[in-house]
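Here the structure is laid out as structure tokens; the discussion comes afterwards.
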């Protein structure tokens, strides 16, 4: 399905309209991803919605630009206006989920928004509950070092052999989740940019990756949760990813802290679901289950308005 490049704003944004018979829905990927990663979930949502996926700025085929939440939300508004999406629902995963919550706060006319584990990145002691402070500080330092090393590795250009190995890894990961390996390979390739020396670089680049880490860890979403008048569903992971297992105590403390903060929010427009058996990779793990949850929530929200 061909992409549309929306260039009405300062940053051109690539979008893909998958069609569908129902109300419009903007579907947003996570940091380091792109619209192709949302294909399985998009297809599962199409029976109930006209689904439009986008590459966020700095990702996939969209243009580059500084990461400021309001400007990225303006990118999404530009896509909606350009494609004639009237009062779209907004559904996002991880970084996309944070944007969905911010959209709900700023757009009371929105028929509903869903954040799929779109919580701020674990990076601070005040995000934790029920963990020894000294141990937590040490574990956080180790976790930051892991992310720093990962960022440095992803910033390096990739030769042909490295690209081939990465594609093989993506196909293997897809098989682990029971997904289509071709879709996962296509999503990886969508973020590849050729270099002059024949190698390739991954988008987003190192500067934007660092800015995203900072923006996601420092974002306070509690005002959005308290102030939204648009129905907002938060779907939270309850299990660790394999990569999170070495930090399982840290992530358990983070989930407790998140639950305590959300319990203090008194807003009938907000619904929170801790999804049993789901990790941060819930979109890949079971897109049909996620689609059913999203579809039911948005249908109930529409009926109540």
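Numbering (our numbering), first residue to last: 2 to 306. For every residue, glycine included, the Cβ atom is placed at its ideal position computed from N, Cα and C. Everything numeric in this text was worked out from a predicted model, so none of it was measured.
Where do the ends of the alpha helix (DSSP H) carrying residue i lie?
i	result
residue 259	249 to 264
residue 28	Unbroken run through residue 28 is the beta strand (DSSP E), 24 to 29; no alpha helix (DSSP H).
residue 172	161 to 178
residue 227	223 to 228
residue 202	Segment 201 to 203 is the beta strand (DSSP E) holding residue 202; no alpha helix (DSSP H) there.
residue 47	Unbroken run through residue 47: none, as it is neither H nor E.
Just curious, the beta strand (DSSP E) that residue i is in, first and last residue?
i	result
residue 139	Looking at the DSSP string, residue 139 is not in any beta strand (DSSP E); the run it does join, the alpha helix (DSSP H), is 134 to 156.
residue 52	50 to 55
residue 12	Unbroken run through residue 12: none, as it is neither H nor E.
residue 92	90 to 94
residue 308	In the structure as shown, the chain begins at 2 and stops at 306. Residue 308 is therefore absent and cannot be evaluated.
residue 272	271 to 276
Consult DSSP for residue i and reduce its assignment to one of helix, strand or coil.
i	result
residue 116	strand
residue 182	helix
residue 87	coil
Taking the alpha-carbon of residue i as reference, which of the options has the nearest alpha-carbon?
i	options	result
residue 225	263, 245, 10, 254	263
residue 18	44, 53, 27	53
residue 287	15, 44, 271	44
residue 99	63, 69, 301, 126	69
residue 117	188, 186, 272	272
residue 187	163, 5, 34, 16	34
residue 119	293, 283, 294, 304	283
residue 94	12, 136, 115	115
residue 110	270, 37, 127	270
residue 274	107, 193, 14, 238	238
residue 154	255, 28, 207, 298	207
residue 211	281, 279, 242, 151	151
residue 5	79, 31, 73, 66	79
residue 277	255, 236, 261	236
residue 13	31, 28, 38, 64	64
Ignore the nearest five residues each way along the sequence and tell me which others in residue i's own chain have a CB closer than 6 Å to its CB.
i	result
residue 49	23, 296
residue 280	238, 240, 242
residue 299	90, 113
For residue i, which residues from the same chain have a beta carbon less than 8 Å from its beta carbon, with the 5 sequence-adjacent residues on both sides left out?
i	result
residue 215	none
residue 20	47, 51, 52
residue 41	180, 181, 184, 284, 285, 288
residue 10	75, 76, 79
Determine, using beta carbons only, whether residue i comes closer than 8 Å to chain B.
i	result
residue 216	In summary, chain B is missing from the structure at hand, where a single protein chain is found.
Suppose the cutoff is 7 Å on Cβ atoms and the five residues either side in sequence are ignored; what does the same chain contact list for residue i look like?
i	result
residue 290	none
residue 172	182, 185, 186
residue 302	112, 113, 232
residue 255	123, 128, 129
So does the region 124 to 136 actually touch the region 188 to 203, counting three or more Cβ pairs closer than 8 Å? Too few Cβ pairs lie closer than 8 Å, so no.
Between the region 264 to 280 and the region 59 to 71, do at least 3 Cβ pairs fall closer than 8 Å? Between the region 264 to 280 and the region 59 to 71 there are fewer than three C-beta pairs closer than 8 Å, too few to call the two in contact.
Any chance the region 74 to 88 sits against the region 22 to 36, with 3 or more Cβ pairs inside 8 Å? In short, these stretches touch, since the Cβ pair count reaches three.
Is the number of C-beta pairs between the region 137 to 149 and the region 245 to 265 that are closer than 8 Å three or more? Under the Cβ criterion (8 Å, minimum of three pairs), the region 137 to 149 counts as touching the region 245 to 265.
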